[in-house]
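Participant: Just passing along the structure, written as structure tokens.
Chains as they are written, first to last, in the working numbering: chain L, 1 to 743; chain A, 744 to 912.
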């Protein structure tokens, strides 16, 4: 194998020939670690090379997609970035899912809408470097200067002589060209983009519509048995006693045993339970139905939604346990101004991704191979290694397509359960949860209680804002995804601002769910802003534009490498631009609407994306809600890489938010979730779906992600529309528990 | 118990527990993984197959009870993935995660068999038993209309170009 590589330490390309001819481009790509909200720190001293591109003599370009695919479209989008700069015909591109290999691929992670900002430049540079090498090889072959060559659709052309060569013909020669520096390789002018900005179909779509076995649940390993894992409905309770004799005698049952669990990892690790392993999953499930487990007493076994609400009400009446931010003097500013007080509440909700948790594990001597539909394989493997006392390097993790993520698969409890069971039984095992397991052992979006006071002056200007946020945690710490940032809007936009927090203990597992934090906070804050607009006697959209114009400056963003970079904090001017476009496309305020029909507006900044949405809703006098239409406008930077995928993510996010607002709630009693399947936890269905019109406001900032930021504003826009239609202010969701009757 | 099933035109002999749902007989005994498990209680439609042409929740239908019936799964909807619905789903890039889509397509196929030109309301009603957690509902509806078009005009099945089902400007 022939290699040549001018190497810089942190950002370089290596090139090889491949057997049978052709070129292999491998690169080390630096992750933007500051953006990796849930990913572990990389911290790898000497990364090996990741093979991203293979070009064979037949002109077929194979591109590796490194991140887990959970429906966000990353397996299509990341290769588009490489293919664009390589300048190949997308028809000749084949995409393969990379296995989990943090040494080669560094960050392999699906969450936080991070893939676009972290890969926008690195992936394009890999493609551009490859193109430069193919051009250099062509220049030598044709005996002409490289500067006279152009490329298009995988062909290098020399206009003056009329000569041309395909990438396939050039690939082997290109492998001996010195690789250019990735950091300085010339990228296309965006006006020349052919693939970026075009509607590209999902690379797995054909496999999906023909029923190919591509999901985690479809994995089959020869000799495999099927496992169920039965845990206490009270989170983390140990097995006090169980008689497994009868279970072991059930048809098809091969093993039944108690798993002690692993206290050190708490509710995110290996939780105690009973494993049943059988020849078929149905036999394991049938045996489980006969299980009679006595669970040990547990400190959380008498808590529930009612006790949480009672505690929250007590905490709300007291001073906040701690202050998160204070600007000016809100109390002084409120005296003499028009003051509004309101308390908002959102419940626990479940991810309800449609493919139940599953994982296949196979022990072979001292090594373990796993097939895991996970969003976050690195901590999954760490967890398995720690609990089973193995070296991480002895564990291979294959990434398989996941039937929805929404944040649920950032926590890898299912991986450690499968591994622990497989270790005990010594043959390959597929663990599959039931829907009931899934809904009762989620890492829930935590409930939140926001206690607001705000004041507007005689000119209708917001002068003071206070929020006492009551949530879950211990001492100074919130539980996962139950926190709030001190920068939360309208911080920096109102001169007198106070954000305080109080927490109560939880003992229920929680975790990030699509637009974590934002998905609840936006409802509360943008609902309350609507109340302040009414108090100010202003149009709700204009009130927001005025508020966004009151921005206090923040330090300038760090210098970018290519044009202006999106700042980590909130940029009021960008949101104003989005709101103004939304006002125009939605026809806000242009058409008089009859009583019972109204438009509501809201905006939210999350995951570097700026979104504002208008909902038009009609409520009958009897209180029946119909959502007429949603308009969504987003600013995620200068390019929409795949408009088909981006539109799908926005529409999906908007409908996800509507589904949450309409009917979704997990309640607890006796320490356990009361909902267990889709008959009591109701997801949005086809007959509830309004049209969702999507617009993107292109700006000069580098592109950012789109899996999450369109979700948060639709919920407050909906409740604000209900107010406009009926005069009823909704401060608690889901709407299924609200009386919307009006007269 | 020993049973005989006719799946996608082929006779299959199985030995399964008496109460095993058709879903698990298809997936784990016959290796037809296209039909998916979502809820186990006829709520989500991911397991939809055709039993004598009727869209049926295979998670709540005993395999033994399906003996003698013509069972069609997503793998048998067409021999080469060119059923009008499969083509329309591909043209309009319907799937996000894709997990529910086999069930959606089978439900849509049963609808089109009864109603060659369904309206939006027909579709929304008929498809309301199938959950898409990613909420690809706009494209599902558009793809069913597109499939109806393909079926009614087999000679002119050219791709419709960059359609934007929910409306993107």
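Ideal Cβ placement from N, Cα and C applies to all residues, glycine included.
Applying a beta-carbon distance threshold of less than 9 Å, which residues of chain L neighbour residue 889 of chain A?
Facilitator: Here the premise fails: no neighbours, minimum Cβ distance about 13 Å.
Participant: Just to confirm, is the Cβ distance from residue 349 of chain L to residue 408 of chain L under 8 Å?
Facilitator: no
Participant: Do you know how far the Cα of residue 836 of chain A is from the Cα of residue 865 of chain A?
Facilitator: Their backbone Cα atoms lie some 22 Å apart in a straight line.
Participant: Can you confirm whether residue 950 of chain A, when its beta carbon is compared against all beta carbons of chain L, has any partner nearer than 8 Å?
Facilitator: Here chain A has residues from 744 to 912 only, and residue 950 of chain A is not among them.
Participant: Compare the C-beta of residue 801 of chain A against all C-beta atoms of chain L and say whether one is closer than 8 Å.
Facilitator: no
Participant: From the DSSP output, which residues share a beta bridge with residue 764 of chain A?
Facilitator: A:805
Participant: What residues from the segment 844-855 of chain A come within 8 Å of chain L, judged by C-beta to C-beta, listed N to C?
Facilitator: 844, 845, 848
Participant: Relative to chain L, which residues along the segment 821-836 of chain A have a C-beta separation below 7 Å, given in chain order?
Facilitator: 824, 829, 832, 833, 836
Participant: CA-CA distance, residue 714 of chain L and residue 600 of chain L?
Facilitator: 9 Å
Participant: What number of angstroms, rounded off, separates the C-alpha of residue 61 of chain L from the C-alpha of residue 88 of chain L?
Facilitator: Cα-Cα distance, rounded: 8 Å.
Participant: Is residue 776 of chain A close to chain L, meaning its C-beta is less than 8 Å from at least one C-beta of that chain?
Facilitator: Cβ-Cβ to chain L under 8 Å: yes for residue 776 of chain A.
Participant: Give the secondary structure of residue 723 of chain L by DSSP, where H, G and I count as helix, E and B as strand, and everything else as coil.
Facilitator: helix
Participant: Could you name each continuous alpha helix (DSSP H) segment of 4 residues or more that falls completely within the segment 165-223 of chain L, going from the start of the chain to the end?
Facilitator: 167-174, 205-209
Participant: Should residue 522 of chain L and residue 441 of chain L be called a contact, given that it needs their Cβ atoms to be closer than 8 Å?
Facilitator: no
Participant: Give the DSSP-derived three-state secondary structure of residue 909 of chain A in the structure shown.
Facilitator: At residue 909 of chain A, the pLDDT of 45 sits below 50, so the modelled position is not reliable and the matter cannot be decided from this model.
Participant: For the pair the segment 462-469 of chain L and the segment 324-340 of chain L, tell me if three or more CB-CB distances fall below 8 Å.
Facilitator: yes
Participant: Does the segment 830-845 of chain A come close enough to the segment 855-862 of chain A that 3 or more CB-CB pairs lie under 8 Å?
Facilitator: no
Participant: Kindly indicate which three-state DSSP category residue 20 of chain L falls into: helix, strand or coil?
Facilitator: When DSSP states are grouped into helix, strand and coil, residue 20 of chain L belongs to the coil group.
Participant: So which residues on chain L does residue 818 of chain A lean against when the C-beta distance must stay under 8 Å?
Facilitator: 210, 211
Participant: For chain A, is any of its Cβ atoms less than 8 Å away from the one on residue 355 of chain L?
Facilitator: Yes, contact with chain A.
Participant: What is the DSSP secondary structure of residue 484 of chain L, counted as helix, strand or coil?
Facilitator: coil
Participant: Counting only beta-carbon atoms, is residue 32 of chain L nearer than 8 Å to chain A?
Facilitator: With a pLDDT of only 37 at residue 32 of chain L, under the threshold of 50, the placement of this residue in the model should not be trusted; the figure read from the coordinates follows. Residue 32 of chain L does not count as touching chain A.
Participant: For residue 881 of chain A, go through chain L and note every residue whose CB falls closer than 8 Å to its CB, in chain order.
Facilitator: Listed along chain L are 651, 689, 691, 692, each with a C-beta nearer than 8 Å to that of residue 881 of chain A.
Participant: At a Cβ cut of 9 Å, what residues of the segment 382-408 of chain L count as close to chain C, listed as they run along the chain?
Facilitator: Among the protein chains in the structure shown, which are L and A, there is no chain C.
Participant: Taking only runs of the beta strand (DSSP E) that begin and end inside the segment 481-550 of chain L, which ones reach a length of at least 3 residues, in chain order?
Facilitator: 496-504
Participant: Sort L:24, L:724, L:21, L:677 by Cα distance to residue 354 of chain L and report the nearest one.
Facilitator: L:677
Participant: Considering Cα atoms alone, identify which of L:206, L:111, L:25 is closest to residue 127 of chain L.
Facilitator: L:25
Participant: As an exercise, report each continuous beta strand (DSSP E) stretch of at least 3 residues that is fully enclosed by the segment 62-116 of chain L, in chain order.
Facilitator: 93-97
Participant: Per DSSP, residue 255 of chain L is paired with what?
Facilitator: L:277
Participant: Against residue 70 of chain L, what residues of chain A qualify as contacts under a CB-to-CB distance less than 8 Å, listed in chain order?
Facilitator: Ordered by position in chain A, the residues that pass the 8 Å Cβ test against residue 70 of chain L are 840.
Participant: Going by beta carbon distance, what residues of the same chain come within less than 7 Å of residue 536 of chain L, once the five residues before and after it are set aside?
Facilitator: 456, 460, 543
Participant: Does any CB atom of chain A fall closer than 8 Å to the CB of residue 184 of chain L?
Facilitator: no
Participant: Can you name the residues of chain A whose CB is closer than 8 Å to the CB of residue 655 of chain L?
Facilitator: 878, 880
Participant: Indicate the three-state DSSP secondary structure (helix, strand or coil) for residue 308 of chain L in the structure shown.
Facilitator: helix
Participant: Using the DSSP secondary-structure output, state which residues sit across from residue 617 of chain L in a beta bridge.
Facilitator: L:598, L:627
Participant: Straight-line CA distance for residue 145 of chain L to residue 189 of chain L?
Facilitator: 22 Å
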